[in-house]
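A.B. asks: Just so you know, the protein sequences line up as chains A and B, in that order.
Quick note: the first sequence uses our numbering, first residue 14, plus one each step.
Quick note: the second sequence uses our numbering, first residue 14, plus one each step.
Even glycine gets a Cβ: it sits at the ideal position worked out from N, Cα and C.
Remember, it's a predicted structure, so these values are computed and weren't measured experimentally.
2 protein chains.
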Amino acid sequence: MLRTKTCGELRIDDCNSKVTLCGWVQKVRDLGSMTFIDLRDRYGITQLVCNVDTDKNLYEQSKTLSREYVLQVTGTVRERSNKNKNIPTGDIEIEVSQINVLNTAKLPPFTIEDNTDGGDELRMKYRYLDLRRPVIRKNLEQRHRLAQLIRNYLSDENFLEIETPFLIRSTPEGARDFVVPSRMNPNQFYALPQSPQQYKQLLMVSGFDRYFQIVKCFRDEDLRADRQPEFTQIDCEMSFVEQEDVLNMFEGLIKHLFEKEKGITFDKFPRMTWQDAMKYYGSDKPDLRFDMKFTELNDVAKGKGFSVFDDAELVVGICAKGCAGYTRKQLDALTEFVKRPQVGAKGLVYIKYNEDGTFKSSIDKFYSQEDLMKFADKFGADKGDLMLVMSGKTMQVRTQLCALRLEMGTQLNLRDPFNYAVTWVTDFPLLEWNEEDQRFYAMHHPFTAPNPEDYPEMLDKDPGKVRAWAYDLVINGTEVGGGSVRIHNRDMQMRMFEALGFTKEAALAQFGFLMGAFEYGAPPHAGLAFGFDRLCAIFAGADSIRDFIAFPKNNSGRDLMSDSPNYIDQKQLDELYLSLVPVEKQ
Amino acid sequence: MLRTKTCGELRIDDCNSKVTLCGWVQKVRDLGSMTFIDLRDRYGITQLVCNVDTDKNLYEQSKTLSREYVLQVTGTVRERSNKNKNIPTGDIEIEVSQINVLNTAKLPPFTIEDNTDGGDELRMKYRYLDLRRPVIRKNLEQRHRLAQLIRNYLSDENFLEIETPFLIRSTPEGARDFVVPSRMNPNQFYALPQSPQQYKQLLMVSGFDRYFQIVKCFRDEDLRADRQPEFTQIDCEMSFVEQEDVLNMFEGLIKHLFEKEKGITFDKFPRMTWQDAMKYYGSDKPDLRFDMKFTELNDVAKGKGFSVFDDAELVVGICAKGCAGYTRKQLDALTEFVKRPQVGAKGLVYIKYNEDGTFKSSIDKFYSQEDLMKFADKFGADKGDLMLVMSGKTMQVRTQLCALRLEMGTQLNLRDPFNYAVTWVTDFPLLEWNEEDQRFYAMHHPFTAPNPEDYPEMLDKDPGKVRAWAYDLVINGTEVGGGSVRIHNRDMQMRMFEALGFTKEAALAQFGFLMGAFEYGAPPHAGLAFGFDRLCAIFAGADSIRDFIAFPKNNSGRDLMSDSPNYIDQKQLDELYLSLVPVEKQ
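1) Go through the region 530 to 581 of chain B residue by residue and report every complete run of the alpha helix (DSSP H) that reaches 4 residues or more, in order.
2) By the three-class DSSP mapping on this structure, what secondary structure does residue 599/A have?
3) Give the DSSP-derived three-state secondary structure of residue 136/B in the structure shown.
4) What first and last residue would you give for the alpha helix (DSSP H) that runs through residue 287/B?
5) Between the Cα of residue 32/B and the Cα atoms of 577/B, 447/B, 441/B and 107/B, which residue gives the shortest distance?
6) Any beta carbon from chain B within less than 9 Å of residue 72/A's own beta carbon?
7) Looking at the structure shown, is residue 412/B part of a helix, part of a strand, or coil, going by DSSP?
8) Run the CB neighbour count on residue 408/A, radius 10 Å, all protein chains shown included, and call it buried at 16 or more, exposed below.
9) Could you compute how far the alpha carbon of residue 547/A sits from the alpha carbon of residue 231/A?
10) I need the straight-line Cα distance from residue 411/A to residue 386/A, nearest angstrom please.
11) Roughly how many angstroms lie between the CA atoms of residue 582/A and residue 184/B, to the nearest whole one?
12) Which residues in chain A sit within 8 Å of residue 381/B, going by Cβ to Cβ distance?
13) Could you tell me which of 155/B, 245/B, 367/B and 348/B sits nearest to residue 358/B, measuring between CA atoms?
14) Give, in chain order, every residue of the region 535 to 559 of chain A whose Cβ lies closer than 8 Å to some Cβ of chain B.
15) Indicate the three-state DSSP secondary structure (helix, strand or coil) for residue 314/B in the structure shown.
16) Out of 250/B, 102/B and 299/B, which one is the CA nearest neighbour of residue 177/B?
17) Within 10 angstroms of its Cβ, does residue 277/A collect 16 or more other Cβ (buried), or is it exposed?
18) Quick check: the Cα distance between residue 568/B and residue 234/B, rounded to an integer number of angstroms?
19) Note the first and the last residue of the continuous alpha helix (DSSP H) segment covering residue 320/A.
20) In three-state DSSP terms, what is residue 346/B?
21) Can you find the residues in the same chain that come closer than 6 Å, C-beta to C-beta, to residue 389/B, ignoring five residues on each side of it along the sequence?
22) Identify, in the order they occur along the chain, each residue of the same chain with its Cβ nearer than 7 Å to the Cβ of residue 371/A, setting aside the five sequence neighbours on each side.
23) Mind checking which residues open and close the alpha helix (DSSP H) that includes residue 618/B?
24) Quick one: is residue 451/A buried, meaning 16 or more other Cβ sit within 10 Å of its Cβ, or exposed?
25) For residue 288/A, which residues from the same chain have a beta carbon less than 7 Å from its beta carbon, with the 5 sequence-adjacent residues on both sides left out?
26) Who are the near neighbours of residue 490/A in its chain, counting only those whose CB is closer than 6 Å to its CB and skipping five residues on each side?
27) With H, G and I counted as helix, E and B as strand and the rest as coil, what does DSSP make of residue 15/B?
28) Give the single residue among 72/B, 179/B, 124/B and 58/B whose Cα lies nearest to the Cα of residue 562/A.
29) When the Cα atoms are used, what is the spatial distance from residue 55/B to residue 253/A?
30) Based on Cα-Cα distance, which residue from 134/B, 96/B and 30/B lies nearest to residue 87/B?
31) Of the residues 41/B, 27/B, 126/B and 38/B, which one's Cα is nearest the Cα of residue 105/B?
32) Please tell me whether residue 599/A has its Cβ less than 9 Å away from any Cβ of chain B.
33) Between 591/A, 118/A, 488/A and 507/A, which lies nearest to residue 39/A when the distance is taken from Cα to Cα?
34) Output needed for residue 599/A: all residues of its chain with C-beta closer than 6 Å, excluding positions within five of it in sequence on either side, in chain order.
35) Assuming residue 111/A is part of the beta strand (DSSP E), what are its boundary residues?
36) Any idea what DSSP makes of residue 449/B, helix, strand or coil?
Structure (structure tokens):
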């Protein structure tokens with residue numbers, strides 16, 4: 014080893030011991046007769062001192078050092094006169110006797126500090142320097158610890174981690190695949206897995222009983238902010254279980270992670286049906302860090318001559334506690350907020366329940382004080398509250414009001430990232446109508462089992478109404494995982510493909526091997542997958558997943574550091590029996 | 014849960030308890046008035062009994078069951094009259110009160126037993142049934158345990174598991190890349206990693222200090238037997254270390270695995286230089302389960318008029334203890350063995366040291382008994398031994414004699430797969446001359462550091478002689494891992510690329526980001542990688558890695574189960590700006 018100690022471990026008890034440290038120069042301060050150097054490694058920072066009186070040559074050498082030089086330093090630990098209580102090594106410093114410059118460094122293009130002066134592009138291009146910043150290092154350290162906790166917990170529960178293949182068969186159903194041309198099978202392609210879904214189901218057919226994998230998955234989608242073409246999933250499956258068993262098992266896992274990593278304990282996670290989540294929060298991933306539930310108002314809102322409400326399918330609102338004092342300007346800003354194209358509402362009605370018991374609203378023309386009192390009763394509003402009401406088509410207005418609710422939560426500081434509100438959302442619809450393609454798509458995926466109360470009758474009568482045995486885990490308004498009970502019966506699976514508009518031939522061509530497996534004794538099974546990048550971000554109270562991935566790509570799917578993707582040799586193309594189509598030609 | 018117990022856990026103490034089991038029908042035996050059913054799950058096999066006298070309907074139902082049906086069975090545990098000492102549940106059976114058929118099964122195309130009647134192709138096509146065989150299940154269970162042991166060991170040693178990207182930049186150096194066309198960056202391609210080499214080095218530049226990852230890697234090579242296009246590596250890197258530190262750290266890991274998984278302890282692993290490995294075993298991965306070291310014989314073999322030896326660069330042989338009794342037929346077979354094209358020798362000389370002290374050899378015409386005694390002295394041969402001698406160009410004859418040595422080891426039963434002989438091989442040459450391309454290639458990879466005793470002088474004078482700080486771990490004649498100290502100095506790295514025939518521009522174009530990183534303070538670092546599939550096979554005493562991978566591909570890189578790779582839609586090709594070149598056109 015080139016060192017005897019790390020830069021994070023020396024304490025007052027180590028005084029007078031001789032040590033060798035290795036690390037990077039964080040800072041050099043020359044005080045004229047002595048130099049202070051902060052030496053940094055993964056484990057911490059230790060202060061080095063070179064004194065002109067003790068060793069003139071060493072002092073002169075120390076002045077030539079610069080930020081991010083790599084040093085091997087030998088010296089004696091001594092007590093600091095001026096202690097730094099902010100760092101664990103702040104009681105000591107090293108009186109240096111020898112400095113060995115292991116490598117020099119150009120001046121980095123941005124500062125290596127938690128609050129760096131580097132912009133996004135620059136940080137991505139020099140990601141290896143960005144990763145030196147303690148804040149990012151801590152993210153990846155936490156990611157490692159979480160992965161370890163997950164693996165050990167699931168292993169203790171008899172789950173086996175089994176690696177499934179990365180070069181698999183492309184299936185047009187679902188999101189777009191990344192494909193990989195095969196040289197040995199010319200003109201044919203592999204696909205990279207969007208998830209190991211079919212393989213984990215096959216493992217259940219094989220009798221593996223409990224499977225998990227922390228595994229990379231791939232989706233070639235147009236990248237919205239904070240999506241990555243490759244992402245990591247905690248993928249799990251169990252046999253001989255029902256929905257309840259899966260929820261309990263993975264609730265146990267998530268609680269374990271919170272307890273071990275953050276010291277937070279939870280009661281039983283609440284559960285909410287998809288129908289209630291939509292009705293009360295306008296979202297299948299409700300943010301339950303604050304209440305502000307939706308109140309439906311059709312009975313008090315309609316019939317008073319206000320055509321906007323009268324013509325609406327649904328009038329629905331939220332009550333912001335203690336916000337009756339909102340100014341005109343604040344209310345206008347809220348109206349502007351819901352009218353933004355991202356939300357798309359036509360307008361917003363407010364009703365202030367003033368401290369003096371009177372109401373002031375934007376619909377005073379149509380509604381008397383008594384009428385507005387009925388609104389307040391519906392909301393359970395108190396004096397001083399602000400009621401915000403929207404109207405329109407049911408699903409649309411719910412989504413719009415959801416955006417407003419979240420905005421109010423933010424404005425009222427009700428969305429502390431470290432206040433964790435966890436819930437299961439259950440009873441998702443099995444199918445989702447797609448207007449554009451004029452067909453149903455599987456809401457979760459085509460292997461999800463229908464709720465037997467709705468099958469087969471409802472699937473024939475009103476497919477959109479069939480509930481699935483599908484569930485999501487939601488933390489602070491973010492879906493961190495989801496899964497379902499799977500179909501394990503070949504006939505039911507065929508019936509599902511039919512409902513999704515597949516011909517029998519198409520279904521067999523694409524999913525034949527899974528369908529085949531179902532004929533040889535498939536057990537009842539169910540599972541779920543968590544988004545690991547997202548889970549890591551939530552544990553650190555962060556919004557973006559990018560700084561929880563060592564080498565992420567930008568929104569065009571590019572790695573700015575290695576300038577990838579890039580062009581390949583004609584020889585490589587020839588070997589793959591491929592030619593490029595010029596972009597302008599298409 | 015659909016069960017209260019598994020099929021592997023009931024014991025005599027559980028008698029009289031009521032249980033529900035789930036599993037697959039392994040076997041049904043109808044004895045006329047009662048049926049015995051073996052029910053199998055991942056955890057074991059439990060015997061079920063249905064008695065016509067107890068429940069006639071149930072008995073009738075039990076006769077309709079067939080192999081691989083999936084059952085949920087309720088009944089009472091009772092002591093067996095006819096105990097089966099071969100299985101842990103052999104003391105008990107279940108007196109069945111209810112059978113619920115969870116799924117039926119077609120008759121499998123081969124038997125679900127360790128010694129199956131299924132051929133390779135059939136087993137691959139129905140891999141989900143093949144995986145039901147206990148022998149394969151145990152392989153994957155062991156793989157899971159090994160991965161857990163590795164992760165926990167390395168975590169305890171402060172290593173962080175950090176995920177590196179799968180969609181990276183293609184580099185023509187090294188083996189052939191699998192490439193992935195980018196839709197968002199038309200005509201450009203990602204590559205799948207052959208190893209995370211550059212990324213783990215960047216992590217060291219980032220200060221992560223100790224990194225590991227159990228990770229899939231990809232190589233588009235013509236598949237020799239027992240190679241897979243995707244394989245799993247235990248990838249590791251450390252900063253501020255020298256070769257000795259890496260060897261000690263990972264020797265500790267391997268010892269830990271042997272102790273925990275197999276109860277085998279080792280002394281310090283022996284070390285052998287590459288030069289000695291070649292000289293004494295003719296291979297850089299010597300099988301040390303048996304001795305039979307090479308003996309070089311030039312001084313006793315030459316100058317006696319036998320031109321084959323006189324003209325050879327090297328005369329070298331092995332001594333097979335106690336084999337002087339080999340018959341003419343056996344010796345002819347050995348000669349045939351070395352003459353096979355895979356070995357490629359011209360012939361084989363034998364010298365029997367008979368029990369009566371005389372010698373009998375195939376070169377009696379040229380060598381007197383006294384001459385042959387000199388051979389025997391060289392070999393340290395005893396009466397009753399057989400000396401086998403070959404000659405030719407040094408490297409060639411060593412390789413040929415290595416094949417013969419392994420063959421003799423096999424014939425003499427000296428290669429027990431559960432007798433583990435481990436060794437480090439060190440001091441590999443830095444460069445390897447390629448006749449075809451008339452250039453040097455990096456023997457390990459272009460980032461390997463030269464031994465400072467040989468650098469820079471020897472690199473100029475005789476590049477092929479430069480020793481690298483590179484090392485392999487060899488178990489039972491198989492390379493299970495290897496690594497090197499890396500170059501961390503930009504100038505030395507440029508000098509290496511130069512020696513490999515890169516222009517400065519080409520080196521920068523391909524490895525610019527790593528070269529760039531070296532300018533910002535790269536620490537001294539070193540690492541290694543183990544082949545995880547191979548390691549798993551060795552732990553199970555197996556030759557082939559295929560049954561240690563859940564869903565392997567065949568020798569054409571095909572997955573026979575999903576029939577992959579396969580053709581993709583024209584729409585997918587269009588989106589990727591690609592067109593296919595018909596195979597006959599090229």
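C.D. replies: If we stick to the structure as given:
1) 545 to 552
2) Position 586 of the first sequence, counting from 1, holds the residue named residue 599/A. With a pLDDT of only 48 at residue 599/A, under the threshold of 50, the placement of this residue in the model should not be trusted; the figure read from the coordinates follows. Coil.
3) The count along the second sequence starts at 1 and reaches residue 136/B at position 123. The answer is helix: DSSP assigns residue 136/B an H, G or I state.
4) Here residue 287/B is taken as the residue at index 274 of the second sequence, counted from 1. Segment 287 to 294, the alpha helix (DSSP H) holding residue 287/B.
5) The residue you call residue 32/B lines up with position 19 of the second sequence. If we check each option's Cα against that of residue 32/B, 107/B comes out closest.
6) Locating residue 72/A in the first sequence gives position 59, counting from the first residue. No - not a single Cβ of chain B is within 9 Å of the one on residue 72/A.
7) Counted from its first residue, the second sequence places residue 412/B at position 399. Reduced to three states, the DSSP call for residue 412/B is helix.
8) Looking up residue 408/A in the first sequence gives position 395. Per the 10 Å Cβ criterion, exposed.
9) As a position in the first sequence, residue 547/A is number 534, starting the count at 1. As a position in the first sequence, residue 231/A is number 218, starting the count at 1. Residue 547/A and residue 231/A: Cα-Cα distance of roughly 15 Å.
10) In the first sequence, counting from the first residue as 1, residue 411/A sits at position 398. In the first sequence, counting from the first residue as 1, residue 386/A sits at position 373. Distance between the alpha carbons of residue 411/A and residue 386/A is about 23 Å.
11) Position 569 of the first sequence, counted from the start, is the residue given in the question as residue 582/A. Position 171 of the second sequence, counted from the start, is the residue given in the question as residue 184/B. The alpha-carbon atoms of residue 582/A and residue 184/B are separated by roughly 10 Å.
12) Locating residue 381/B in the second sequence gives position 368, where the first residue counts as 1. Simply none; closest approach about 58 Å.
13) If you number the second sequence from 1, residue 358/B lands on position 345. Answer by Cα proximity: 348/B.
14) 535, 536 and 537
15) As a position in the second sequence, residue 314/B is number 301, starting the count at 1. Here residue 314/B sits in helix by DSSP.
16) Locating residue 177/B in the second sequence gives position 164, counting from the first residue. Of 250/B, 102/B and 299/B, the residue nearest in Cα terms is 250/B.
17) As a first step, residue 277/A must be located in the first sequence, where it is residue number 264. It is exposed - the Cβ of residue 277/A has fewer than 16 other Cβ atoms within 10 Å.
18) As a working mapping, residue 568/B is identified with position 555 in the second sequence. As a working mapping, residue 234/B is identified with position 221 in the second sequence. Those two C-alpha atoms are separated by around 10 Å.
19) Within the first sequence, the letter at position 307 stands for residue 320/A. Counting along the chain, the alpha helix (DSSP H) containing residue 320/A begins and ends at 320 to 323.
20) Position 333 of the second sequence, counting from 1, holds the residue named residue 346/B. Of the three classes helix, strand and coil, the one that applies to residue 346/B here is helix, per DSSP.
21) Taking the first residue of the second sequence as position 1, residue 389/B is located at position 376. Result list for residue 389/B: 366, in chain order.
22) Residue mapping note: residue 371/A aligns to position 358 of the first sequence, counting from 1. Excluding residues within five positions, the ones whose Cβ falls inside 7 Å are 382.
23) As shown, chain B starts at 14 and ends at 599. That puts residue 618/B outside it, with no answer to give.
24) Indexing the first sequence from 1 puts residue 451/A at position 438. Residue 451/A is exposed by the Cβ-count criterion.
25) As a position in the first sequence, residue 288/A is number 275, starting the count at 1. These residues qualify, in order along the chain: 440.
26) One-based indexing of the first sequence puts residue 490/A at position 477. Closer than 6 Å at the Cβ level, and outside the excluded window around residue 490/A, lie 298 and 300.
27) As a position in the second sequence, residue 15/B is number 2, starting the count at 1. In this structure, residue 15/B counts as coil in the three-state DSSP scheme.
28) Here residue 562/A refers to the residue found at position 549 of the first sequence. Measuring from the Cα of residue 562/A, the nearest candidate turns out to be 179/B.
29) Taking the second sequence and counting its residues from 1, one reaches residue 55/B at position 42. Taking the first sequence and counting its residues from 1, one reaches residue 253/A at position 240. Approximately 12 Å, taken between the alpha carbons.
30) For the purposes of this step, residue 87/B is taken as the residue at position 74 of the second sequence. The residue with the shortest Cα to Cα distance from residue 87/B is 30/B.
31) Working through the second sequence from its first residue, we reach residue 105/B at position 92. Taking only the C-alpha atoms, the option nearest residue 105/B is 27/B.
32) Along the first sequence, one-based indexing puts residue 599/A at 586. Reliability of the predicted coordinates at residue 599/A is poor, the pLDDT of 48 falling under 50, and the value obtained from them is presented with this limitation in mind. Cβ-Cβ to chain B under 9 Å: yes for residue 599/A.
33) Here residue 39/A refers to the residue found at position 26 of the first sequence. The option with the nearest alpha carbon to residue 39/A is 118/A.
34) Position 586 of the first sequence holds residue 599/A. In this prediction, residue 599/A has a pLDDT of 48, which is less than 50 and means its spatial position is unreliable; what the coordinates show is noted afterwards. Once the five neighbours on either side are set aside, residue 599/A has no close Cβ partner at all.
35) The residue you call residue 111/A lines up with position 98 of the first sequence. Start and end: 105 to 116.
36) Locating residue 449/B in the second sequence gives position 436, where the first residue counts as 1. Of the three classes helix, strand and coil, the one that applies to residue 449/B here is coil, per DSSP.
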